[in-house]
Amino acid sequence: GNSVTQMEGPVTLSEEAFLTINCTYTATGYPSLFWYVQYPGEGLQLLLKATKADDKGSNKGFEATYRKETTSFHLEKGSVQVSDSAVYFCALRVIGGTSYGKLTFGQGTILTVHP
Amino acid sequence: DGGITQSPKYLFRKEGQNVTLSCEQNLNHDAMYWYRQDPGQGLRLIYYSQIVNDFQKGDIAEGYSVSREKKESFPLTVTSAQKNPTAFYLCASSIEVSSYNSPLHFGNGTRLTVT
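Written out as structure tokens, the structure reads:
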């Protein structure tokens, strides 16, 4: 089946620190990969995505590269801000078979950034 | 502005009662989804619908029911058969199910508490 594993949280950083949140996956087909962000009390928002190997998704200073050889899609940001405090979800989507279009999520990583 | 509206934001029910969560979208999306979010477990798919008058079970459909009588509406009923109904429920939609590049748009969720 399909699964996503994220690094254990919570992650606590000081403002302007470098951020990495690890994400690895297993998939029965060829997945598209996504990072979603959830701010307190809200739903999820798409942060970035990549649809094929070696693609780099980027948005708001966040980046992630689709690494097929290591089945990974790690999220990085060079300098975090207090406003980046949120829960981050890695997800994959495979078309076909029994996984028809649904997203499979990791367990989420809580990020807290202090001033 | 287009989006997904979930109501109410907070819902309280007594054990043994059925409760219906509302989800409305004005994005003209064909596909709609219901996810359940529990702390430390990420999101799990309850039901999804690819088109009006059609819906499919997700990974944890037991104790839930849905209907899709209109394109813009996908209500979820949590029945008394659901053993652990207290959770945060998220509704989502996408242009279509069978597209790698079709991201999910989420509502802001309904927090259901059953006592």
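Residue numbers (my numbering), protein chains in the order written: chain A, 1 to 115; chain B, 116 to 230. Glycine residues also receive a C-beta, built at the ideal position from the N, C-alpha and C atoms.
- If you draw a straight line from the Cα of T26(A) to the Cα of K56(A), it comes to about 19 Å.
- Less than 8 Å divides the Cβ of S32(A) from the Cβ of K49(A).
- In the three-state scheme derived from DSSP, where H, G and I count as helix and E and B as strand, D169(B) is classed as strand.
- For S188(B), the secondary structure class from DSSP, reduced to helix, strand or coil, is strand.
- Using a Cβ-Cβ cut-off of 8 Å, F73(A) does not count as an interface residue toward chain B, since no Cβ of chain B sits closer than that to its own.
- DSSP links F221(B) through a beta bridge to A207(B).
- In the structure shown, S137(B) adopts extended strand secondary structure according to DSSP, grouped into three states.
- With respect to A64(A), L46(A) sits apart: the two C-beta atoms are not nearer than 8 Å.
- For L158(B), same chain residues with a beta-carbon under 8 Å away, outside a window of 5 residues either side, are Y150, R151, Q152, L205 in chain order.
- According to the DSSP secondary-structure assignment, R93(A) is paired through a beta bridge with S32(A), L103(A).
- For V82(A), no beta strand (DSSP E) run applies, since DSSP gives it neither H nor E.
- Close to chain B, meaning a Cβ-Cβ distance shorter than 9 Å, are the following residues of the segment 30-47 of chain A: Y30, P31, S32, F34, Y36, Q38, G41, E42, G43, L44, Q45, L46.
- Around the C-beta of N2(A), 16 or more other C-beta atoms lie within 10 Å, and the residue is accordingly described as buried.
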